[in-house]
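Visitor:
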C-alpha cells in the first residue's frame, strides 16, 4: 500500500491538535509559543502535501509554506521580546499570574 | 549538566532518533521503503510533539522541539520538497528553537515553572475538546464529510437542504503520483515573478519584527540613560565652546 495524501493530512491533523492542546494547557508563556510552532508545523505539512499531490509543477503550497515560516519566525521574535518585558515587569512568565491586564 | 540522568536520556533519544531519521531517509531515497520512512518519521514527530507539550522541564521541551522540526524536515524531503527541508532545519530547527532556549534560560525564575500545572479537570476538558472536537472535525473533513455548521442559519436553499451534513466525493483530491523535481529553481522563479508582492510584504514584515523585537527588548531606562548622557555631553560641549 503506497502512501496517499490522506496519510499526510492525518499526520497534519494530529500535529495541529497536539499544538492546540499545548496552547490550552501550558502555563509557561514560552511553552505556549513552542506549542504554537508545533501547530504551524502541522499546517505546513498539510500545505506541502497538497502541493506535492495536486500541483506538483507549480509548487504553490511550498511557496505558502515559506511565507508561513517567515511569519512564524517573526512571531517568535516579537512574542519572546514581549515575554522578556513581562518577565522584567512582573518577575514571572506564568500565564496564570500575569494578571495586570485582566479586564 | 551531564550528571542529570534525565538529560542524558533525552540526549540519547535525540541522537538515536537522528540516526534513525537519516537511515530512514536513505532507505526512502533508494526507492523501497518510503512507507517505512513515513511511519518512522511521523511516529518520531508525534511522540516528540507530545513530549514538547507534556515534559515538565522546559529545556527538554526545547530539545524535543528541535527533534519535531527535524522530523518535519524529513517529511518534507519525502514530499519532494528539498529546499523546504533545508530551510526548515536552518530556520525552525536552528534559529527559532535557539531563541526559545534563550527565552527559557532568561525567564527561568525559581518561583515559576510548569511544576504546578492546571487542574486535571481543565486538562481533561481541553484534551476531550482537542481529540473529539477539533481532531474529529479535521478528520471528517479530510475524509470528505462536509459538516456545514452554518446550515441552520443560512437562508440559501442550496445550503440548507442537507440539514447539517453533506457528503460528497472529493474528486479534486484524487491522488496523483508525486513528481520528483528540483524545487529551488521553481521557487526562486515564482518569488520574483508571480509572488513578487507577497515576497516584498514578507520582507517588510521581517524588518518590522526585527525593529519591534529590539524596541521591546531594550529597557526603557537604557534609552533614558543614553539620552541623559547625550544631553550632558552636549551641554559640556556648549560650555567649552562658550569658554573659547
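Protein chains in written order, with my numbering: chain A, 528 to 630; chain B, -9 to 234.
C-beta atoms are modelled at their ideal positions from N, C-alpha and C, and glycine is treated no differently.
Going by beta-carbon coordinates alone, are residue 30/B and residue 10/B separated by less than 8 Å?
Guide: Yes, the pair counts as a contact, with Cβ atoms nearer than the cut-off.
Visitor: Nearest to residue 28/B by CA position, among 548/A, 533/A and 614/A, is which residue?
Guide: Selected option, being the one with the closest Cα: 533/A.
Visitor: Determine the chain A residues that contact residue 176/B at a beta-carbon separation under 7 Å, and present them in chain order.
Guide: Result: 586.
Visitor: Just the C-alpha distance for residue 544/A and residue 41/B, rounded to the nearest angstrom, thanks.
Guide: Those two C-alpha atoms are separated by around 14 Å.
Visitor: I want to verify the contact list: residues of chain B whose CB lies under 9 Å from the CB of residue 595/A, in sequence order.
Guide: Within 9 Å Cβ-Cβ: nothing; residue 595/A doesn't reach chain B, min ~10 Å.
Visitor: Tell me which residues of the region 29 to 48 of chain B have at least one Cβ-Cβ distance to chain A shorter than 8 Å, keeping chain order.
Guide: Answer in chain order: 32, 35, 36, 39, 40, 42, 43 and 48.
Visitor: Does the distance from the CB of residue 632/A to the CB of residue 587/A come in under 8 Å?
Guide: The requested residue 632/A is not part of the displayed model; chain A covers only 528 to 630.
Visitor: Examine the Cβ distances between the region 186 to 203 of chain B and the region 598 to 612 of chain A and report whether three or more of them are shorter than 8 Å.
Guide: Counting Cβ pairs under 8 Å, three or more are found: they touch.
Visitor: Considering only their Cβ atoms, is the gap separating residue 48/B from residue 558/A smaller than 8 Å?
Guide: Result yes, Cβ atoms of residue 558/A and residue 48/B sit closer than 8 Å.
Visitor: Given that residue 58/B touches chain A, what residues does it touch there, using C-beta distances under 7 Å?
Guide: Correct list: 565 and 568.
Visitor: So what does residue 555/A bridge to, in DSSP terms?
Guide: According to DSSP, residue 555/A bridges with 621/A.
Visitor: Would you call residue 61/B buried or exposed, if buried means 16 or more other Cβ atoms sit within 10 Å of its Cβ?
Guide: Residue 61/B should be labelled buried.
Visitor: Taking Cβ positions only, does residue 559/A come closer than 8 Å to chain B?
Guide: With 8 Å as the cut-off, residue 559/A does not count as an interface residue toward chain B.
Visitor: Residue 208/B by DSSP, collapsed to three states: which one?
Guide: Residue 208/B falls in the coil class under three-state DSSP.
Visitor: Which residues of chain B have a Cβ atom closer than 9 Å to the Cβ of residue 626/A, listed in chain order?
Guide: Going along chain B, no residue has its Cβ under 9 Å from residue 626/A, so there is no contact; the nearest lies around 13 Å.
Visitor: Can you look up residue 43/B in the DSSP assignment and give me helix, strand or coil?
Guide: In this structure, residue 43/B counts as helix in the three-state DSSP scheme.
Visitor: Label residue 26/B either buried or exposed according to how many other C-beta atoms from any shown protein chain fall within 10 Å of its C-beta, with 16 as the threshold for buried.
Guide: Exposed, because fewer than 16 other Cβ atoms sit within 10 Å of the Cβ of residue 26/B.
Visitor: Looking at chain B, is there any beta carbon in it that lies within less than 8 Å of the beta carbon of residue 555/A?
Guide: By this cut-off, residue 555/A is an interface position.
Visitor: Under 8 Å between C-beta atoms, does residue 157/B make it to chain A?
Guide: Residue confidence is low: residue 157/B scores 48 on pLDDT, short of 50, so the model does not pin down where it sits. Its coordinate-derived value is still stated next. Not one chain A Cβ lies under 8 Å of residue 157/B.
Visitor: Between residue 579/A and chain B, is the shortest Cβ-Cβ distance under 8 Å, so that the two count as touching?
Guide: It does; some Cβ of chain B falls within 8 Å.
Visitor: Report the residue ranges of all alpha helix (DSSP H) runs contained in full by the region 65 to 110 of chain B; include only those spanning at least 4 residues, in chain order.
Guide: You should have 72 to 77 and 87 to 96.
Visitor: Could you name the residues of chain A that residue 202/B contacts, counting a contact when the two beta carbons are closer than 9 Å?
Guide: The answer, in chain order, is 601, 604, 605 and 608.
Visitor: Under 8 Å, Cβ to Cβ, is there at least one residue of chain A near residue 93/B?
Guide: Taking Cβ atoms only, chain A reaches closer than 8 Å to residue 93/B, which makes this a yes.
Visitor: Between the alpha carbons of residue 566/A and residue 126/B, how many angstroms are there, rounded?
Guide: Taking the straight line joining both Cα atoms gives about 16 Å.
Visitor: Would you mind reading off the limits of the alpha helix (DSSP H) that contains residue 581/A?
Guide: Run containing residue 581/A: none; DSSP gives neither H nor E here.
Visitor: Leaving out the 5 sequence neighbours to the left and right, which residues in its chain are closer than 6 Å to residue 91/B when beta-carbon positions are compared?
Guide: Cβ within range, chain order: 52.
Visitor: In or out: residue 159/B buried (at least 16 other Cβ within 10 Å) or exposed?
Guide: The predicted model places residue 159/B with a pLDDT of 45, which falls under 50 and marks its position as unreliable, so this point remains unresolved.
Visitor: Out of 583/A, 595/A, 538/A and 593/A, which one is the CA nearest neighbour of residue 39/B?
Guide: Nearest of 583/A, 595/A, 538/A and 593/A to residue 39/B, Cα basis: 538/A.
Visitor: Hey, does residue 86/B have any beta-carbon neighbour from chain A nearer than 8 Å?
Guide: Residue 86/B counts as touching chain A.
Visitor: Return the chain-ordered list of same chain residues with a C-beta closer than 6 Å to the C-beta of residue 571/A, the five sequence neighbours on each side being excluded.
Guide: Closer than 6 Å at the Cβ level, and outside the excluded window around residue 571/A, lie 592 and 595.
Visitor: Using three-state DSSP, classify residue 133/B as helix, strand or coil.
Guide: Residue 133/B falls in the coil class under three-state DSSP.
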